[in-house]
Structures are given as C-alpha cells and as structure tokens.
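Novice: Protein chains in written order, with the working numbering: chain A, 1 to 472; chain B, 1 to 958; chain C, 1 to 217. Quick one: the structure is below, and I'll ask about it shortly.
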Amino acid sequence: MTDIPASNARHRESPIGGSRPPLLRDPVVLPGSSIGSMTDQICAITLRERAFLWWWIAMIPAMVLTGMLVAAILYLFYAGVGIWGIDWPVVWGFAIINYVWWIAIASGGTFISALFFLTKVEWRTSLNRIAETMTVFAAACAGIYPILHLGRPWLFYWLFPFPNTMTLWPQFRSPLLWDFFAIFTYVASSILFWYLGLIPDLATMRDRAEARRKQILYGVMALGFRGSDRQWRHYHVTYGVLAAIMAPLVISVHSIVGLDFAGAATVGWHSTEFPPFFVFGALLSGFAMVLLLVIPLRHLLSLEDFITGRHFDILCKMLLVSSLCLAYAYMMDAFTIFYGGDYADRTQFSGKISGSYAVVYWVTILLNVVLPQLMWFRRLRLNQTLIMLVCFGVIVGMWCERYTIVVMSLRRTHLASAWGDFHATFWDWATLFGTVGLFGLGILLCVRFLPVISMFEMRGLLQRRPREGENR
Amino acid sequence: MSSLSHQWRSLEQLAEDPDFVTRAVQEFPGLAEALASPHDRRRALKLMAAAITMAGLGGCDWAPEGTLISAVRAPSNIVPGLPNFYASANVLDGYATGVVVKHQMGRPIKVEGNPRHPASLGATDVFAQAQLLDFYDPDRAWAITVHGSPSDQSDLRTELAAQRAKIAESRGNGFRILTGAITSPTLTRQLDALLAIYPEARWIQWQAISRDNVAKGAVLAYGKPVELVLKLDAADVIFAIDSDLLSSAPGHLRFARDFASRRNPTRTQKMSRVYAVEPTPTLSGSVADHRFIAGPDELHMVVMALAAGILEGSALSGPPDWVGQVIADLTANHGRALVHVGPDQPPETHALVHAINEKLGARGNTLELIAPVAYPVEQAEELADLVKDMRTGKVSTLLIMDSNPAYAAPGGLSFAAALKRVDFSLTLTVLPNETSQATTWAVPMAHPWETWSDGRAFDGTATILQPQALPLYDPVSIHTMLALFTEPAPAAALDAVQATWKTRMGEDFEQGWRHALASGVVPGTANSKSDVTLRPDAGRQTPPEPANHPLTILFRPDPHLWDGRYANNAWLQELPRPLTKLTWDNPLLVAPERAEQLKLRNGDMICLSVGDASVTAPAWIMPGQAADCVVALLGFGEQHAGTVGSGAGFDFYPLAGRAGAPSLQKVSGHVVLACTDHHNLIFDETREYVRHATLAEYNKNPQALATGKPEPHLYRWKPKGPAAWAMSVDLNACIGCNACVVACQAENNIPVVGKEEVIREREMHWLRIDRYYEGSPIDPDSYFQPVLCMHCEEAPCETVCPVGATVHDSEGINVMVYNRCIGTRFCSNNCPYKVRRFNYFAFSHEEQRPPEARNPDVTVRGRGVMEKCSFCLQRIAEARIAADRENRPVGEVRTACQAACPTQAFTFGNMADPDSEVAKRKRSLLDYALLADQNTRPRVTYEARIRNPKPPNEGNGG
Amino acid sequence: MAAIFRPSANYWAALTLLGMAAICLSGIGWLWFWPRTDYARHVRWLVSQPVPFSHAHHVAGLGIDCRFCHSSVEVSSNAGLPPTYTCMTCHSQIWTNADLLAPVRQSLADDKPIVWNRINDLPDYVFFNHAIHITKGVGCSSCHGEVDAMPLSYKAKTLTMQFCLDCHRDPGPNLRPKDQIYNTEWRRTAETPSPEMLMTEYHIGGRNLTDCSICHR
C-alpha cells in the first residue's frame, strides 16, 4: 500500500521522529515503530508512576472551571433561571446555544470513529480513541444544558412517557420531545461505543500493569476480556453493529436539534434547511475540535509516529469541505429569506447583518467560512500553529453562529412591539466556561489513565505493514 | 348586581340576633360600649358591618399546614366560596366615581365600576382599580404619633380638649383647616357648622393638581361659579385645546364612553371629528383626527384667532392657517360643535371658550352648565395666604386632613419651613407622608373602605361610601376628626353621614338609605341646570401674553401617580404610561428638536433650573411635543411615600411657583429607564399591526381593512364545545387609558416585578397596550392596540410544548395548565404575538400584595412557570357552573378588562351564538386579525381604526 | 504471568451485572407502584382530631343529614364546616358536660375556633366545586366513602388526578338518583336507572369534562 518516501532512510536512525517535520505524503504510521514498541510506548504513557508536569498544570484551570460550573448550577437551582440574561422576547439563551454547540462538537468525533470505521479508512485508527473520548465528554456537557434550561428542572422526567397517576403523556408533536429522545439515545450509545472500543486495550493494560491495584482496576474494567478467538469474534461483530448504529445517529441527532428550530414558527428559524445546515456545522466543529486536541497531544505524548502529516492533511481537507458546505447553508439561508419575501423575515435578517449585533454575524462568517479557506494551501495544512488557530477560530465561530440563530431571531419577531434585547449575565458565562472546564477535565483524566491510541486496532495496522517492509 | 341589595337589610336583622352581637363584641371590643349607649345603635350597626367581614377573615377558610378552621358562629350572609358585592365610590380630588367592591369571605379582592353611577357606567379608571392595593398597603399609618413618637387615642383627645378651649376663647382665630377639594355633603355640612361656631377660623381647600383656572374662568364668563357637563355623544365636531377631557377631567370616564359612541363608523351614523391643539401629547390628542402642536405663544395666538373668528367673524393674521379650517368646521356645525379647554390654560381662555361655546350653540346641546359640585374657592391664593399667616405666626392651630402640602405645595412657598412656626399642627392621613412627618401630631386616617362618608360625582350625583371591612389599624374617620374640634365625644361617622341625609331624604329615610347603599347612588341628587347668562364682556377677555421665555415648563400630573398620592402603589408605579410606556420613573419630557439640539438620548441627565431652584433628572424624548416646552411630571420623588414609592423618580414640585426663565442644560451622566417599549420608536409599517384608514377611504372601499378569507387548512381544528369564547377589540374606542391592564392585574393575581426586572424586560402584564407611532418623530400619529392572548384556534404554542402544559379546551380557550409546565419556554418562542409571560423568579412570593388580597379563584403561579391571559377563565367557569346547575346555556361573561374599559373597546362572549354582541362585532366590516398571515385563526380580532380628518376638497359643509 | 483474578471472579462479575440490572428494574417497578398505593395517598389513615367526632354516630346513629353541618354544599364550591355554634345547638342540651366535648364548649366560651386536622386535600391549582357535583347526581360517598361507617373520619379515596378523570371520562356509572345523593351506603341496584338514563336526566354530556379548564384555572 503506502510506498515509503526516501526520506525514511534518515528516519530509521531516529525511531522516535520528534525532530522530523510532518509531510503530507507521510504514511498513517511511520515505519520504525513495531507492534511491540508501539504497545510499549502507549502503555508507558498511562502506566507511568507520576503524571507529566504539563498534565498537572493543565489540570488546574480545568478543576477551577469545573468548580465554577458546580457553583453556577447550585445557584441556578437555588435562585431560578432569572439569574441568566434571558427575558420576555428572548426566552432562550446561553443554555440552548451551548447545548447546540457542544452536541455539534460531539458528533464530529462520532463521525470519525463510526463512519470511517465502516468505510475501513486506515488513518482513522490512530485518531478514533481521541475522537470518541471527545465525543463522550462533549455530549456529556451538552446533556447538562437541556435540564438546566428548564424553569422547573426537577420535573425534567415529565418528558419521559411513563405511566403516572395524572394519566398524562408527553406531547409527541413537540420537537423538544424528539430532541430529548435523540440526545438521550446519543449520549448513551456513544458512551457504550467508546467503552466497547476500550475493552481490548484495557485488557492489555491489565496484563502490562505491575502495580496490583492497577491490575485490579484495569482488570475489572476489561470485563475479563482474554483475547480468545471466540471473544474476538463476538467483539468484532458487536463493534461493527454499534458503529453501524452510531453513524446514522450522528446525522439524526443533529437534524433533530435543527428541527427544534425549524419546527418553530419563529422568524429566522422556520426553515427546512436547518437540519442539514446543523449537520454541516456539527462536522465542521467536530473536526476542528479533534485537530485542536490531536496536535498538542501529538507533541506532549510524542505520538509523531502514529499521528503524521497524512492525518493533518486529511483532517484539514475535511475541515475545508465542511466549511464549504456551511458556507452554502449560510447562502441558502439568506437566499430563501429574500426569495420568500416575508416582511418579518427580511427585517429580522437585515437586523442580523446590519443591526446592533451585526458584528456577531460577520464574525461567524469570518471564522467559519473565510478562515478555513486557508486550508486550500498544502503547506498551510502542515503548519500546526496555524491549524490550531484556525480550529480555535472555528470553535468560537460556531458558538457565534448559534448565538446569531437563537438570540438574533428572538430579538426581532413578527410583532414590532415585542422586539427586545438580550444581555448575558455573569452566570451565563460561568456556565459556558464551566462546561469547557468539565470537558477539559474529562479529556485530561482519560489521557492520564486510558490509552490515547486504540492499540489493538493499531496492531492490526502494523501487522499489515512490515511484510511490505521486509520485501525490500 | 342583585347581591347588592340585601346586605343592609340582613344587617338590621343581625342587630336583633343576640348571638351575633356577642360574637361581634368579641371580634370588636369597641362595640360593647357602643351598644351600651342606646343612642349609639347606628355605630353598633357599622361596627357589626365590619365584624361581618372580620368573620370572613377568621371564618371557614382553607388554612395552611393542613388544618381547617371552622367558625365559632357562622357569619350570616357570607357563604364560604361565594362572593359578595358592596357599592362604594372612589373619590379623587373631591369628585366621586361609583364602584362596586367584590368580597370573598369578607375580604375585598376586586373593584368593579358601578353601572348605576353616572360617572362610572360600569367602568373604572386605574386609580379605582388600584384602591385594592392601597387598602392592603402594609406601609399604612397605624399609630398616632407626636413628634414621631407613638401616642394613643386618649392622649389625642386630651390634647384636642385643650385645643378646643383655646380655639373657643379666640373664636377660632388662628385656627386653620387644610383639606383637598371637598364635595362630601357631610363634610361640607360639618365644616360650615364648625365655621359657625368659630367664625374667625379659616378653612382652606387646596390640591396640588389645581382646577382653579376652570373655576375662575366660569366666574369670568358667567359672574358666578358653574361647572361643565359635556355631552360628547351629541358633538359632531370637537376642538380640544390642551384638554384632559378623556384622561382626568371630572367625569372623564363618562365623557370617554360618550366620545367612543361616535367613533366607529360601522355603529354610528355620523362619525365625530376631533381637532386637538396641545403643547404635549394627551390622550385626547392621540385619538384626535387632526392634532396640532402649539407652544404657549402659538397656543395664545390660536385662542385669540379662534375667539376673533367665531365671536367677531374676523380673521387674525399670525396664527397657523389650520385655525381657519377649524373655525369653519365649528361654525358650520352650529349646535353640534364643542370646544373644550384644559385646566392648565388661564381663566381668560376658559371665559373665551365659554363665550365661543355659547356662540356655537353648544350650551344645551353638547354641554350643560350646572351649579358647582365642588366647594368653589381660589385654592392657590388661599394656600399662599395660609403660608403667609403661618410664617407671620398668625396660625396657632393647623389641621391638615388628607392632604400633603409639605411635599406638593409649590416650592416657591416653602410650606415646610412655615409649618415650623405653627405650635399645634395635626395631619390626618392614610399613608405616612412628608406632611405627617413635619406636623406635631400625625393621626392615621380611616381608609375610605373602613368608614362611612359620602361624595358627589361631576354632575352632583351623591354616593354614600360604606365600610368594606373592619379597620385594619385604629384609625380616625375624617368626620370624627373634624367633629372632635367642636365637641368631646362626637357622633360616629355613620351618624354624621346619616344626619346629613336624614334632612335630605325626608320621611322615608330608612328605605331611601338602604336603596342608596344598595345601588351606590342617591337618586335625584344630580345638580340642576344652571340658568346663568353669559356676561357681555366674556368674549372680550384676553388671556395674558405668555412670558416670552425660550423654554416653558409644563407641570402635569403623572397619569398614574396623580399628584403623588399613589406613589406607594406598586401596580400604578409599574403600569406603563400610556404614551411613553415608562414605569417607575418620571424623566423630563423633551421635544425631539430640543433633544437634537442638546444631543440628548433617552436617559441622559439634564439639569432643569428656575431661579435659584434646580432639579437634575434624566431626559426622555417625547415625539409630538412643542419644541419650546419641557414637561415635568409631578407625583414622583417622594421621600416618605413608603417602601414602594420612596425615592422613585424625581420631585419637580420645588420648581413650581417660581418666577424667572427656566433653563435646561445637559449634564454628565446617563441612567437606564424602565420602559416596556424595549426597542427604539418605530415609525414604519404600523399598518401591519394597527390597520387604519380615513373615513373617506373607508367609504370608498369598506372591505379594504378586513381580513380576507383565511388560508385553507389541511387539518382544521373544530371546537366541539357548547360555547365558542371570543373577543373583539375596537381600536376606534381604545384611548390607551390602561384601566384594563390594572383590572387584569388585580383579577388574575399578576405579580409586580419591580424596576430592575422591568429593565431586564420581564414585566408580567398579561394584557399590554401597544403604542405605535407613525409619521415623523416631530409630529407622529399615535395608535393604541391592546394585545392579550389571542386564543388562536391553530395555536402555535400548543404544538411545541413537550409536556402539553398549554392545550385547547372544547370551548376554544387556549388553556395554560400551570402545574404541568416545566418551563421550556418554547411556547413563548412560538407565539407570534408574544403574549406569554414567564416567572423568571418567584415574583408572586416577593411582591407586596398580601395573600388575602388575592383572587382565590385564580392559581398563584410559582417560579419557572409560564403564564398568560386566560380570558378570565375563572369567570367563565363560574358562569358555566351556574348555567349547568340550572341546565341552561351559559349566559353573559364579562372579562376583567372588558368590565373596566370606559369606552367598551372590548367585547367578549360566545361567538357561536350569532346574536351575541361579539358575533355582531366580528361581522363588522372593520374586523381583522392581527398577523393574519400567520394563519393562527385568533379568537381575538380587532376593529380597524378609522380616522375622520377633514377632506381637503370638502368645503365648510363639515 | 500470574492470574490477577481467581476463576470465581467470573461468577462475581456476572452476579454483579445481574444484580445491577435487577436493582434498576425493581427500582422502576417501585416508582411505578408506590404512588398508586393507598399508603402513599394516606387513604384510610386515621387522623387525630381535637374532638373525636364520629360521623358513624351522627350520620348512621342519629341520622343527621350531611347538609345540617355542611350547609353550603349545594350552593357553593365550598361545602363548609359547621361552626361551633352548630354543634352547640344540640350539645347545649345533651352531653352538656361530656369531657369529650370540652373543646367545643371551650371554643364557644372564649370564641376560639376549633382547628380540625385536614383529611381530604386537593392541591391549590385544582378547583373543585361541590355544588355542581351534587346537582349533577354525584353522591357524597362517591368521593368521601361511607362516612356513616367512620367512627373517626379518614380519607376514603385516593383523590389522585386519575381518580377524578376516571369519573370525568365516564360519569354515568357514578351517578345516582336525586334522592340518593346524601345516602352514604347507596349501591347501584337492579332498580336504579341505567347510567345512560341518568346522564340524560342530569343533562350531562354537552360539556367535555376532561378539558384541563374544567378543574384548573
């Protein structure tokens, strides 16, 4: 398959190619790392006695922010949603914005881990663990918001269709209800998928670990996976099936989030393009977040052998493609409004692009559409700092997009007398950055205690490679 | 209103019922000795009236912590769970407006208008509705104080004995009584008696919002005081000069009703035409067909030109040419025209207008002159004299009753300083205020709902005010207090009032008395027409040239706090002002041009100074105001109003009554004002919302404004119920007076949220009156539109609620089930009309309305729950149950807003019944649905506004 | 390398998993079952009262009509509690110095109302109207049970929303002839007119009784 470039001669002397810059035509795994060395390296990261210094440093903000989240939530339950900036015309605010934002980020991960698994894409192997982990925690962050959003959060379970003494059922026409089911299914199944993917590696860890408690810990988590033929057979079937379920889920969960808006009669939401529009957005932010995690980890854990220029190349191209799709969606959004020619729609849109909050809209366009265009250039696709910047921009841009959709639309609805405004409060921001902290915390813990790369899949990859190597 | 009639009869019986008597004695200690003295049986009766209501309070009522409290003895005529209605009146600046107070288990819970009262005709104004909150106000004065330290009744009586002696021997010299305007026959009688005993004593009537000009004008014109009774329903052409005839003139509710009866072309043969000229927008101006802006100078010219044109038939040069138009139209409609001028214009103008009206044949047709209802005096002068006497130490004893001069007297007088020279001063007041702080004695006054009194309406019709509840504290009635200055143990208020009416009602007093109490009016007490003749020189009066200052301050009462007496009423504070939509504040209103000049935005601080006095307050740009005027709204900025009103807004009284040219300059600073109009003014596309046309356009194509056929539907929801509740709102009638909004708030337990939350756009009013401007910001047309839940048949809110907390019932009401609501707020998103309100905090637990003041038939909403207009579901349910028990179709249901509306803009009823009023109105050619393109099929529809400007081509035919 | 777990670990693992599943299932089952129990609804709970008033004695024994004490039941939403005075109409003549009745006499003497402990309670957002139910042929015992058999009063029915709806969906079976409304041990017999007949007799059916707005405002 991959022909090894001449430069690899130089590479052979230094098995760990830290110094070596990534190239676009790199193989997905650099030669020089054998099954053994790979497994050693990955296990070493998790089994080492004390954590890296950078890990501790990174933990501090993560912990602080998470603490802030807890505080914000406690105060919210004590005082009520009035502590946020939401008001009479703008009844939805950060809670919904953040929810959509996180769930979008999450689905990007699933896309890589599930869809590309089905399509047997090779480069996925070194990324899927990171991607899935990201999915799990992003989805967790997203999952918090629908409940926080409620005026009476302690009654959220009324959304379940359960037989009660009021003989009442939820209202199945409401997009919010579908949304509730969608997010519920999605979070559950992505956790399942992620854990299932971990099992063989957990077994490896168990066998590698010296310390007794680690053996026990990993042993229990490995659920007695011994790598017997039979177990592998079952394992592959299950994993395949789950992947086959996850792939469409990505699409469905985000279409339904889109329907929350499209299903409403609100100006600026009432549009059939929302579901695909939201899926595009999801992919974009998903890939951006993956890159945002992969690049630093590659350095800090010196995974250069497994995460190569090829990965950057592909991911950046994906970023570019999804950004183009999104650009198309934005275009259609504007087009339909002026083609449709509803008075309220037009006033609202012109308010969006020229009103007091116009800057948010244009920032959205800049960060989600203009900036990613840099990815057309080959060498920029290898410039890691630049990629990081672009991805960060996209993440911010996606948040701005949701802000535009939620707040801008509600500010200017049909009846001019009901036009209002929205001013975020401290607690709005606290909850937003709180979940960022929670996300970071989760990622860091996983990086510390779980293999960052799916070793058993990597082995499969390596097994195929050396044969060609020997032929020379 | 049948329940009105029997209360007092049963009370008489009660007096015989020994058990009740003993109970009442226990409930009300004072009763014992009252019964002991046989001559005092009337007082006993009164006390028992109160005792009954007390029985309600202590009676069989659901109590918290899972217990039930049974009465010891059942109070007769109170059936647990059924309301009682007792007539009364709301007296403002002397003039009474009939009301009926609704009681639950003896507690007053709602005020309705009294259909039998000429000044009400069933309607109420915002003040009458807000009385409820005033009555339960926890800040009310509750103890007698001397120099701020608590005292008691006995001390007071000893002190008064000393005073009596002093006054008696000086024949009243140095004794002054200061009250507001008085129409109460009893009080007048008492005062006259007192003045007979103490000939040297003086009685000063004064109120901050003066109507002196009106009184003086009448005297100038007719030689003796007379009062006006307008008949707007007979007027084809009305010219309102800076007029308050729809907002605050005595009898304005009645005038508004008559006015509205001529404004809807589908219901009146000939639509009236209204011209208005005014320096700052008034309600009359906002609904006029032609509105002209005129500052003081221009207004003066206009009046002169009008007089010249109509009286001499000569045209003056100088005034704007529209005046000619108006003159032509007025003269062309002889006997059907009317000119009305507001109390802020000088007496000479009033005299001229009287002459003009005579010339136009208005008298006897569109207006009547009657003998004065209020005790006529020249208030401003009298107050000035009083203060002079006080300063020179001529005043030794000063009794101030239900008046707050320390706050509201013109700053020029510096009343408070003069008060220090008076050695005995006593304030009788319901709420503690600046004056009660300043006087030596402060005595809690019995709230009008706690005692007996009487009052007269704008046309003289008398009403007897009966106690609605047991006194909450230990107050003194105004009648008792006055009598205490002549005799040690005066008759109780009840006796005083009855004494007055015994003489007037003659032999069958008992019967007449009961009837008066039951119906809320004393029949045949309206003043007769006055036969005065116009003095020849009336038409030759010349109003004084306005001082030519570059800037004029117009002191106007705040439309909701009036002169400041309602400053502690949270409902009125938070009620958006009709035009500015401001709450909790009274910025200076400046004209757009001046704002332009000074680079002012709404909320920028400006300093207004006259002579050596100055006030710094925020500015608010008032479209349609004369450039050379700045409006200072009075009634705010009290320091001792109470927890709600103290420190809210700014006090402009200090600037009043000062000589010199006012000046206005911008100072640093900016404040955010609590306005419910959360976006900038809109001057476009109003037709989208308030459909309107001119009469000519309407006659050309009557159908033009009506909603076309609704879009076809795939699945159309058909109401199955026996009734189809619906409402029609006539935009031609709405004058934006806000009575409906407060009525709704009172009826539906709608909480007050406070200034900060209003600024955060979280006001809770279920019913709001949208005000749209159209045209140029300098001189826009304004349109009012009440917006409440439309109860759409295809309600967008219902489909999106995930738990089905808002659903339709079979009678077409969009029901909000509070306890099912989990607060996703999706329904509000999806409501095109944005009529839903959300409890962001536990507003109803934080507000100052006490639980016993709430309507027990309406759920009190907790935190995190959505709420909205329910078409007064509790009233529908009541009617529904009554009907079902008698197996008859549901009869008439009146919503709170409908009942309160002075112009009958609201019509509510069963749309399914083709003969119902609402069905008729919905067949009107003007009937249209708001945002019809949303195809929500609202059950609330509007009748488009038709204006009747004088067509340019049309000659003087009118 | 040495095995980390003993073979038995497999069983324990399996057991734990099954156990967890079992706990979840039973938990859900409990959540479903508990609110429906009479216990959770305080049905048949005896509540101590300041005066141990016996409906059994007054209704079954003396045959006093419900309306003698609950006088406003026919006209108002609120059935009304008897004021102390009503008790004393008889007890000023009989049992005039029974210790049991001391609190009643006390209440009258110093004009302190008797504070009873609640037995039937509906949430504040439910607006139940006695009058309409009485007029439409729903007997007292349909909701309050056979009070004539209660030496001490207790809650007889769950009074859950389901309880109300069961009847509002199909009132017929719970209706009874006018003269039987106050008969506490009334039972449907062969002679009683059919539900349909009663429905027509009481003009029930014109209105949709399951509208939220019937009970909630």
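Every residue, glycine too, gets a C-beta built ideally from N, C-alpha and C.
Quick one: grab the DSSP three-state call for B/Ala613.
Specialist: Reduced to three states, the DSSP call for B/Ala613 is strand.
Novice: Since B/Gly66 meets chain C, which of its residues come closer than 8 angstroms, beta carbon to beta carbon?
Specialist: Residues of chain C passing the Cβ test: Asn117, Arg118, Asp121.
Novice: Taking a Cβ distance cut-off of 7 angstroms, strictly less, list which residues of the segment 804-815 of chain B are near chain A, in chain order.
Specialist: The residues in question are Gly804.
Novice: What is the residue span of the beta strand (DSSP E) that B/Asn948 lies within?
Specialist: That residue, B/Asn948, is in no beta strand (DSSP E); it is neither H nor E in DSSP.
Novice: Which residues bound the beta strand (DSSP E) around B/Met727?
Specialist: Unbroken beta strand (DSSP E) run through B/Met727: 725-730.
Novice: In the DSSP assignment, what residue or residues form a beta bridge with B/Trp203?
Specialist: Beta-bridge pairing links B/Trp203 to B/Ile177.
Novice: Quick one: list the residues of chain C neighbouring B/Asn887, beta-carbon separation under 7 angstroms, in chain order.
Specialist: Neighbours of B/Asn887 on chain C, chain order: His203.
Novice: With 16 as the cutoff for other CB atoms within 10 Å, does C/Cys24 come out buried or exposed?
Specialist: By the 10 Å Cβ count, C/Cys24 comes out exposed.
Novice: Going by C-alpha to C-alpha distance, which of B/Ser70, B/Lys110, B/Leu178, B/Arg157 sits closest to B/Ala489?
Specialist: Of B/Ser70, B/Lys110, B/Leu178, B/Arg157, the residue nearest in Cα terms is B/Arg157.
Novice: Could you please give the first and the last residue of the uninterrupted beta strand (DSSP E) stretch that includes B/Ser668?
Specialist: Counting along the chain, the beta strand (DSSP E) containing B/Ser668 begins and ends at 663-670.
Novice: Tell me where the beta strand (DSSP E) around B/Cys629 begins and ends.
Specialist: B/Cys629 -> beta strand (DSSP E) spans 629-634.
Novice: Are C/Tyr154 and C/Arg44 close, meaning C-beta to C-beta below 9 angstroms?
Specialist: It is a contact, given that the beta carbons lie within the stated cut-off.
Novice: Mind checking if B/Ala119 is an interface residue toward chain C, Cβ cutoff 9 angstroms exclusive?
Specialist: Not an interface residue.
Novice: Between A/Gly340 and B/Cys831, what straight-line distance do the alpha-carbon atoms span, to the nearest angstrom?
Specialist: Approximately 21 angstroms, taken between the alpha carbons.
Novice: At 8 angstroms on the CB atoms, spell out the chain A contacts of C/Arg36, in chain order.
Specialist: What C/Arg36 touches in chain A: Thr165.
Novice: Could you work out which residues of chain A lie near C/Gln162, taking near to mean beta carbons separated by less than 8 angstroms?
Specialist: Going along chain A in sequence order, the residues near C/Gln162 (Cβ under 8 angstroms) are Thr165, Met166, Thr167.
Novice: Taking all protein chains shown into account, do 16 or more other C-beta atoms lie within 10 angstroms of the C-beta of C/Ala102, making it buried, or fewer, making it exposed?
Specialist: By the neighbour-count rule (16 or more Cβ atoms within 10 Å), C/Ala102 is not buried but exposed.
Novice: When you compare each of A/Arg25, A/Phe172, A/Thr39, A/Asp26 to A/Gly460 by their alpha carbons, which one comes out closest?
Specialist: It is A/Thr39 whose Cα lies nearest to the Cα of A/Gly460.
Novice: At 4 residues or longer, and completely inside the segment 280-354 of chain B: list those alpha helix (DSSP H) runs for me, N to C.
Specialist: Segments of the alpha helix (DSSP H) lying fully in the segment 280-354 of chain B: 283-286, 296-307, 322-332.
Novice: Is there at least one non-hydrogen atom of the ligand FAD closer than 8 angstroms to the beta-carbon of B/Arg565?
Specialist: The ligand FAD is not among the ligands present in this structure, which contains no ligands whatsoever.
Novice: Could you pull out every unbroken beta strand (DSSP E) segment of at least 3 residues lying fully inside the segment 100-125 of chain B, listed in chain order?
Specialist: Correct list: 107-113.
Novice: Report the residues of the segment 110-141 of chain B with a CB closer than 8 angstroms to any CB of chain C, ordered along the chain.
Specialist: Against chain C - using a Cβ distance shorter than 8 angstroms - the segment 110-141 of chain B contributes no residues.
Novice: With respect to the beta strand (DSSP E) encompassing B/Asp770, which residues constitute its N-terminal and C-terminal limits?
Specialist: B/Asp770 -> beta strand (DSSP E) spans 768-774.
Novice: Could you tell me which chain C residues have their CB closer than 9 angstroms to the CB of A/Ile216, listed as they occur along the chain?
Specialist: Going along chain C in sequence order, the residues near A/Ile216 (Cβ under 9 angstroms) are Ile4, Phe5.
Novice: B/Ala595: which of B/Trp571, B/Trp620, B/Ser247 sits nearest, CA to CA?
Specialist: The candidate whose alpha carbon is nearest that of B/Ala595 is B/Trp620.
Novice: Who are B/Phe906's beta bridge partners in DSSP?
Specialist: Partner(s): B/Val729.
Novice: Just the chain B side, please: which residues come within less than 9 angstroms of C/Ser76 by C-beta, in chain order?
Specialist: Going along chain B in sequence order, the residues near C/Ser76 (Cβ under 9 angstroms) are Val79, Pro80, Gly81, Leu82.
Novice: Quick check: the Cα distance between B/His808 and C/Tyr39, rounded to an integer number of angstroms?
Specialist: C-alpha separation (whole angstroms): 35 angstroms.
Novice: Is the separation between the beta-carbon of B/Leu575 and that of B/Val302 shorter than 9 angstroms?
Specialist: Cβ distance not < 9 angstroms, so B/Leu575 and B/Val302 don't count as in contact.
Novice: Report yes or no: do the segment 130-150 of chain C and the segment 95-109 of chain C share at least 3 C-beta pairs separated by less than 8 angstroms?
Specialist: No, they do not touch.
Novice: What are the boundary residues of the beta strand (DSSP E) that includes B/Gln785?
Specialist: 781-787 is the extent of the beta strand (DSSP E) around B/Gln785.
Novice: Using only the alpha-carbon positions, how far apart do A/Phe392 and A/Leu192 sit?
Specialist: Taking the straight line joining both Cα atoms gives about 29 angstroms.
Novice: Quick one: residues in its chain with C-beta nearer than 6 angstroms to the C-beta of A/Trp269, no 5 flanking neighbours on either side, listed in chain order?
Specialist: Excluding residues within five positions, the ones whose Cβ falls inside 6 angstroms are Phe261, Ser409.
Novice: Could you say which of B/Arg107, B/Ser210, B/Gly113 lies nearest to B/Cys740 if we only look at CA atoms?
Specialist: Measuring from the Cα of B/Cys740, the nearest candidate turns out to be B/Gly113.
Novice: Entirely within the segment 370-426 of chain B and at least 4 residues each: give me those alpha helix (DSSP H) ranges in chain order.
Specialist: Whole alpha helix (DSSP H) segments, 4+ residues: 379-391, 405-408, 415-419.
Novice: What residues match up with B/Tyr275 in a beta bridge as DSSP calls it?
Specialist: B/Phe239, B/His290, per the DSSP bridge assignment.
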